[in-house]
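Participant:
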Amino acid sequence: MKNTIKKTIRIFLLKRFLSWLSQLEKGRIHLTFPDGKSYDFGNPHNNLETTIKINNLEVITDAIINGDIGIAESFMESKWETDNLTNLLEIAILNPNFIQSNKSFFNILSRLYERFSHYRNKNTITNSKSNISAHYDLGNNFFETFLDKSMTYSCGIYYGSDCSLEEAQANKINAILDNLSISENDNVLDIGCGWGQLAITAASKYKCNVTAVTISQQQYDYVRSKIHDLNLDSNVEVLLKDYRQLDGNYDKIVSVEMIEAVGHDGLNDFFSVCDKVLNQNGSIAIQAITIPDNLYESYRKGSDFIRKHIFPGGHLPSLGAIDSALLKSTNLRINYLDNIGQHYATTLNHWKKRFVKNKHILNSLGYNEWFIRKWLYYFSYCEAAFKTGYLDDLQIILTRSAQNKPFHQN
Numbered sequence: 024m025k026n027t028i029k030k031t032i033r034i035f036l037l038k039r040f041l042s043w044l045s046q047l048e049k050g051r052i053h054l055t056f057p058d059g060k061s062y063d064f065g066n067p068h069n070n071l072e073t074t075i076k077i078n079n080l081e082v083i084t085d086a087i088i089n090g091d092i093g094i095a096e097s098f099m100e101s102k103w104e105t106d107n108l109t110n111l112l113e114i115a116i117l118n119p120n121f122i123q124s125n126k127s128f129f130n131i132l133s134r135l136y137e138r139f140s141h142y143r144n145k146n147t148i149t150n151s152k153s154n155i156s157a158h159y160d161l162g163n164n165f166f167e168t169f170l171d172k173s174m175t176y177s178c179g180i181y182y183g184s185d186c187s188l189e190e191a192q193a194n195k196i197n198a199i200l201d202n203l204s205i206s207e208n209d210n211v212l213d214i215g216c217g218w219g220q221l222a223i224t225a226a227s228k229y230k231c232n233v234t235a236v237t238i239s240q241q242q243y244d245y246v247r248s249k250i251h252d253l254n255l256d257s258n259v260e261v262l263l264k265d266y267r268q269l270d271g272n273y274d275k276i277v278s279v280e281m282i283e284a285v286g287h288d289g290l291n292d293f294f295s296v297c298d299k300v301l302n303q304n305g306s307i308a309i310q311a312i313t314i315p316d317n318l319y320e321s322y323r324k325g326s327d328f329i330r331k332h333i334f335p336g337g338h339l340p341s342l343g344a345i346d347s348a349l350l351k352s353t354n355l356r357i358n359y360l361d362n363i364g365q366h367y368a369t370t371l372n373h374w375k376k377r378f379v380k381n382k383h384i385l386n387s388l389g390y391n392e393w394f395i396r397k398w399l400y401y402f403s404y405c406e407a408a409f410k411t412g413y414l415d416d417l418q419i420i421l422t423r424s425a426q427n428k429p430f431h432q433n
């Protein structure tokens, strides 16, 4: 009797799985099962294609019950393979109705559970430190396997197809500093300084004073050591401090891809603090990964692979959410905006290739196959999102409303 019930459930889930895949309209997927049976889905005339080889039929249950998170986790557990993970994730993004159609009673329960788990990681001062540590304190040796020598962990800007990762990161930093018109007499605040390259460049190039802030212990130790080695101690102060605890007065503020760590409820506080410590005629440069306004409400009320496995407590704002927080909490307004999202797809592709090339180093550092596959999924997931325009990366300049020029957008 039990075997009959199990067989019936397996057949039901398989039919549901194949029916779900049959709704693909854009892209092509060739699917192979362990017994050799294969199926083709999608548009046969579309050049965006990939193959999936299922190693373990549990992936069907994972996909139906746990949705996109279940699919990601089953990849991490080697239950399926693909010849092009980025293409597969592009196909998923380009078929939003296909993703939305994977709804069931169990899937809804799973999403509610993941939403609750994400809420528990809400970015209080205490939680923020543990959330950041869970990602950025994995070990500097780990990040060295895919970042460039400057250890810059954000989108670069590529001027031409032959531009290297190192050049792209330097281009990005110079673009931010140039947009801020930094001078020698400026006091600059860098919120979420990472491994310090922007602070180092500002102090070296413009001879200004920089306060670099992080809540990652490993980043703090790394930046302090590097600043000392470069004889920049008199120009750069490094603080291990939450942004909500900042005080002082600054002429320029920089924050590169840190706003994603404050959460929806933290946007008002973040900009309020920036407003408080910024001098009257000062300006702020923000680089922010954003989600479209029309998807923001559903996004912020849920969870996903990135927020569960890569950035606990992470939250992508929308441009509208940023603008709303500025209007509500500050006298700051957007003066300039540039979308560099397509450059992020290239940056992520560079990181992924370096990561794969250095897999032997990752193994020697003790990172197992599950962990390595998780990060491969992360790189491909984000590359696909920026490539399709599902996500953007915005460089924004903020100034006081009284000194605003006509809004300029690239």
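Residue numbering for the sequence shown follows my numbering, beginning at 24 and increasing consecutively. Quick reminder that beta carbons are idealized off the backbone N, C-alpha and C, glycines included.
State whether the segment 203 to 210 contacts the segment 274 to 292, with contact taken as three or more CB pairs (one from each stretch) at a distance under 8 Å.
Facilitator: Contact between the segment 203 to 210 and the segment 274 to 292 is present, because at least three Cβ pairs lie under 8 Å.
Participant: Going straight from the alpha carbon of Tyr319 to that of His251, what length do you get?
Facilitator: As a position in the sequence shown, residue 319 is number 296, starting the count at 1. As a position in the sequence shown, residue 251 is number 228, starting the count at 1. Rounded to the nearest angstrom, the two C-alpha atoms are 43 Å apart.
Participant: Does Gly65 come out as helix, strand or coil in the three-state DSSP assignment?
Facilitator: Taking the sequence shown and counting its residues from 1, the one referred to as residue 65 is at position 42. The answer is strand: DSSP assigns Gly65 an E or B state.
Participant: Count the other CB atoms, across all protein chains shown, that sit within 10 Å of the CB of Gln303; report buried if there are 16 or more and exposed otherwise.
Facilitator: Here residue 303 corresponds to residue number 280 of the sequence shown, with the count starting at 1. With fewer than 16 other Cβ atoms within 10 Å, it is exposed.
Participant: Would you mind stating whether Leu339 and Thr313 have Cβ atoms separated by less than 8 Å?
Facilitator: Numbered from 1 along the sequence shown, position 316 holds the residue referred to as residue 339. Numbered from 1 along the sequence shown, position 290 holds the residue referred to as residue 313. Yes, the pair counts as a contact, with Cβ atoms nearer than the cut-off.
Participant: Looking at the secondary structure, which residues open and close the alpha helix (DSSP H) in which Arg74 lies?
Facilitator: For the purposes of this step, residue 74 is taken as the residue at position 51 of the sequence shown. Per the sequence shown, residue 74 should be read as Thr rather than Arg. It is not in any alpha helix (DSSP H) - Thr74 instead sits in the beta strand (DSSP E) that spans 72 to 77.
Participant: Could you tell me the distance, in whole angstroms, from the CA atom of Leu417 to the CA atom of Thr84?
Facilitator: Your numbering for residue 417 matches position 394 in the sequence shown. Your numbering for residue 84 matches position 61 in the sequence shown. When rounded, the distance between both Cα atoms is 38 Å.
Participant: Cβ of Asn372 versus every heavy atom of the ligand GDP: is any distance shorter than 7 Å?
Facilitator: This structure lacks the ligand GDP, and indeed carries no ligand of any kind.
Participant: Would you call the CB atoms of Leu200 and Thr234 closer than 8 Å?
Facilitator: Looking up residue 200 in the sequence shown gives position 177. Looking up residue 234 in the sequence shown gives position 211. Cβ distance not < 8 Å, so Leu200 and Thr234 don't count as in contact.
Participant: Could you give the DSSP three-state label for Lys38: helix, strand or coil?
Facilitator: In the sequence shown, the residue the question calls residue 38 occupies position 15. Looking at Lys38 - three-state DSSP - the assignment turns out to be helix.
Participant: Under DSSP, the alpha helix (DSSP H) around Gly343 begins and ends at which residues?
Facilitator: The sequence position of residue 343 within the sequence shown is 320, counting from 1. Per DSSP, Gly343 belongs to the alpha helix (DSSP H) from 342 to 352.
Participant: With distances taken Cα to Cα, identify the nearest neighbour of Asn66 among Gly336, Leu44, Gly93, Arg323.
Facilitator: Working through the sequence shown from its first residue, we reach residue 66 at position 43. It is Leu44.
Participant: Specify whether the segment 388 to 399 and the segment 85 to 92 touch according to this definition: at least 3 beta carbon pairs, one from each stretch, less than 8 Å apart.
Facilitator: Short answer: they don't touch.
Participant: Taking only the alpha-carbon atoms, compute the straight-line gap between Thr411 and Ile116 and give it to the nearest angstrom.
Facilitator: Translated into the one-based positions of the sequence shown, residue 411 becomes position 388. Translated into the one-based positions of the sequence shown, residue 116 becomes position 93. Answer to the nearest angstrom: the Cα atoms are 8 Å apart.
Participant: Can you look up His53 in the DSSP assignment and give me helix, strand or coil?
Facilitator: Within the sequence shown, the letter at position 30 stands for residue 53. Of the three classes helix, strand and coil, the one that applies to His53 here is strand, per DSSP.
Participant: Looking only at C-alpha atoms, which of Asn69, Ser42, Lys38 sits nearest to Arg51?
Facilitator: Here residue 51 is taken as the residue at index 28 of the sequence shown, counted from 1. For Arg51, the nearest C-alpha among the options comes from Asn69.
Participant: Going by alpha carbons, who is nearest to Leu360 out of Ile419, Tyr243, Asn254?
Facilitator: Residue mapping note: residue 360 aligns to position 337 of the sequence shown, counting from 1. The shortest C-alpha separation from Leu360 is found at Ile419.
Participant: In the structure shown, what three-state DSSP assignment does Lys275 receive?
Facilitator: For the purposes of this step, residue 275 is taken as the residue at position 252 of the sequence shown. Strand.
Participant: Can you give the beta carbon distance from Phe169 to Phe378, rounded, assuming they're within the 8 Å contact cut?
Facilitator: Position 146 of the sequence shown holds residue 169. Position 355 of the sequence shown holds residue 378. Rounded, the Cβ-Cβ distance is 4 Å, consistent with contact.
Participant: Let's test the definition: count the other Cβ atoms within 10 Å of the Cβ of Glu96 and tell me whether it reaches 16, buried, or not, exposed.
Facilitator: Here the question's residue 96 lines up with position 73 in the sequence shown. Buried: at least 16 other Cβ atoms inside 10 Å.
Participant: Return the CA-CA distance between Ile238 and Ile94, expressed in angstroms with no decimal places.
Facilitator: Working through the sequence shown from its first residue, we reach residue 238 at position 215. Working through the sequence shown from its first residue, we reach residue 94 at position 71. So the two alpha carbons sit approximately 32 Å from each other.
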